[in-house]
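Under this note's numbering, the first residue of the sequence shown carries the number -14, and numbering increases by one thereafter.
Heads up, the beta-carbon is just placed ideally off N, CA and C, and yes, glycines get one too.
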Amino acid sequence: DAARKEGRTRLYDGRWRDRDPSQAPAGVDPVIRIRMPLESETTINDLVQGEVTVANDRLDDMVLLRADGSPTYMLSVVVDDHDMGVTHAIRGDDHLNNAFRQLQLFLAMDWPVPEFAHIPLIHGPDGAKLSKRHGALGVDAYRDMGFLPEAIRNYLMRLGWSHGDDEIISTEQAVEWFDLADVGRSASRFDLTKLENLNGHYIREAEDGRLAELVAPRLTDDGPLGQVDLERLQRGMHGLKQRAKTLLELSDNSQFYIASSPLTMTDKAAGLLDADARLLMAELATVFETVDDWSEASVESAVRDLAEAKELKLGKLAQPLRAAVTGSTSSPGIFEVLDVLGRRETLDRINAICGGAQ
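Below you can see the structure in the form of structure tokens.
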């Protein structure tokens, strides 16, 4: 600490390097150091950084065992890499200086030296090293925020590595194409907006059943969804996933499918359901009772027929209808929603708005 404050080197000055052990003061538990070479240079052929050389007089006799006999990080990591049969030590480039010291330990032990690859660190939008100040989070936090594993893998891989102009790279393609030699040396900036857009792509590509299972636990604190709600959620997932960028958005947009009547209305939705709109909804409920084969096409035809009979634009019926059955002014296509909800649930929601029963 004193050396740091005074601006002096913190390298060990070698005062005990060549002293006779008998000269050691009594009652002192010594540390154990490695005798590093003082002359020439040490070179590492890094798979990312290329050939990197440092003068040996910059590598001090580092401590291997503390005074209490416990090993330091430098010794532990080398022993661990050897015992685990590590062939490639891939780390952030802030560990490059450590590699020169670790190389000397591998050589001293006469152990196989792993390949070293020091990849650039990820920076924040301001160009500074990504840190808590930027809101840097662990992988589990991004999972909780609704990011899919394949999106995280794709995005992180593209930070500092590329395959032509390909932005979307599946895990299978990555296994086939990735080569450490193609990793750049410059730091990349973490862009949450790009990650969200990429995640949206993978959500749209994901199977509806998988998304329903991922979203379901986020929809209620009262235990697993019932079978009816889960099936409805899965059937509606194709339309729901088209605009969502995270599972959080997807779960928010899915709430209306499992909601109970009467629905909680947004202010805009409630504003669409004035007295005239409620009368139209009552007429529409009567029409829906007579639809023979409930499907997206049949309910669309029924709504269009009523709009034509009332000399109304389709939106004059479709907009309050959307509000009545979803509680919102935005949703997947209204006729798809009606098909997924089914006749009985649709009528229950409309009747809750109209205050009557069919």
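Sub-7 Å separation of Phe85 and Val39 beta-carbons: Translated into the one-based positions of the sequence shown, residue 85 becomes position 100. Translated into the one-based positions of the sequence shown, residue 39 becomes position 54. Yes, the Cβ-Cβ distance between Phe85 and Val39 is below 7 Å.
Same chain, Cβ closer than 6 Å to Gly185, five either side skipped, listed in chain order: Working through the sequence shown from its first residue, we reach residue 185 at position 200. Contacts found: Lys230.
Start-to-end residues for the alpha helix (DSSP H) that takes in His73: As a first step, residue 73 is located in the sequence shown; it is residue number 88 there, counting from the start. In the DSSP annotation of this structure, His73 is not part of any alpha helix (DSSP H); the continuous beta strand (DSSP E) holding it starts and ends at 73 to 77.
Of the residues Leu81, Asp78, Gln87, Gly54, the one placed nearest Val64, counting alpha carbons only: Position 79 of the sequence shown holds residue 64. Nearest of Leu81, Asp78, Gln87, Gly54 to Val64, Cα basis: Gln87.
Run of the alpha helix (DSSP H) containing Leu199, from where it starts to where it stops: Along the sequence shown, one-based indexing puts residue 199 at 214. Run containing Leu199: 193 to 204, per the alpha helix (DSSP H) assignment.
Nonlocal neighbours in the same chain, by C-beta distance under 7 Å from Tyr187, ignoring five residues either side: Position 202 of the sequence shown, counting from 1, holds the residue named residue 187. Short of 7 Å from the beta carbon of Tyr187, and not among the five residues preceding or following it, lie these beta carbons of its own chain, in chain order: Leu133, Glu135, Ala136.
Beta-carbon gap between Ala262 and Pro305 smaller than 7 Å: Counting from 1 along the sequence shown, the entry for residue 262 is found at position 277. Counting from 1 along the sequence shown, the entry for residue 305 is found at position 320. At the C-beta level, Ala262 and Pro305 come within 7 Å of one another.
Which residues DSSP lists as bridging Arg174, in chain order: Locating residue 174 in the sequence shown gives position 189, counting from the first residue. Looking at the DSSP assignment, Arg174 forms a beta bridge with His108.
Other residues of its chain near Ala342: CB distance less than 8 Å, five sequence neighbours each side excluded: To locate residue 342, count along the sequence shown from 1; it is residue 357. Its pLDDT being 38, under 50, Ala342 is placed unreliably in this model, and the coordinates cannot settle the point.
Segment limits, beta strand (DSSP E) that includes Thr251: Here residue 251 refers to the residue found at position 266 of the sequence shown. First-last for Thr251: undefined, no H or E at that position.
Backbone secondary structure at Lys117 - three-state DSSP: Taking the sequence shown and counting its residues from 1, one reaches residue 117 at position 132. In this structure, Lys117 counts as helix in the three-state DSSP scheme.
Classification of Arg217 by the beta-carbon crowding that lies within 10 angstroms, buried from 16 upward: The residue given as residue 217 occupies position 232 in the sequence shown. Arg217 comes out buried.
Sheet register partners of Thr331 (DSSP bridge): Taking the sequence shown and counting its residues from 1, the one referred to as residue 331 is at position 346. BP columns for Thr331 are empty, so no partner.
Opposing strand residues paired with His103 [DSSP bridges]: The residue given as residue 103 occupies position 118 in the sequence shown. Per DSSP, Arg76.
Alpha-carbon to alpha-carbon, Arg189 and Gln212: Taking the sequence shown and counting its residues from 1, the one referred to as residue 212 is at position 227. Taking the sequence shown and counting its residues from 1, the one referred to as residue 189 is at position 204. Looking at the two C-alpha atoms, the distance is approximately 24 Å.
DSSP three-state assignment for Glu268, whether helix, strand or coil: On the sequence shown, position 283 is the one that residue 268 refers to. DSSP places Glu268 in helix when its eight states are reduced to three.
Opposing strand residues paired with Ala40 [DSSP bridges]: Position 55 of the sequence shown, counted from the start, is the residue given in the question as residue 40. As computed with DSSP, Ala40 is found in a beta bridge with Glu26.
Ser315 versus Trp279 - alpha carbon distance: By one-based count along the sequence shown, residue 315 stands at place 330. By one-based count along the sequence shown, residue 279 stands at place 294. If you take the alpha carbons of Ser315 and Trp279, they lie about 22 Å apart.
Cross-strand partners of Pro305 (DSSP beta bridge): If you number the sequence shown from 1, residue 305 lands on position 320. Its beta-bridge partners do not exist; DSSP assigns none.
Residue burial classification, Pro317 (beta-carbon count within 10 angstroms, cutoff 16): Residue mapping note: residue 317 aligns to position 332 of the sequence shown, counting from 1. Burial call: buried.
Nearest neighbour of Asn139, chosen from Tyr127, Asp129, Arg128, Glu152 [CA to CA]: Translated into positions along the sequence shown, residue 139 becomes position 154. Nearest in C-alpha terms to Asn139, of all of Tyr127, Asp129, Arg128, Glu152, is Glu152.
Spatial neighbours of Ile19 in its chain, beta-carbon cut-off 8 Å, leaving aside the 5 residues before and after: Sequence index remark: in the sequence shown, residue 19 carries index 34 (1-based). Excluding sequence positions up to five before and after Ile19, its CB lies within less than 8 Å of the CB of Asp46, Met47, Leu49, Gln89, Leu90, Ala93, all in the same chain and listed in chain order.
Among Arg51, Gly35, Thr27, nearest to Asp42 - alpha-carbon criterion: As a position in the sequence shown, residue 42 is number 57, starting the count at 1. It is Thr27.
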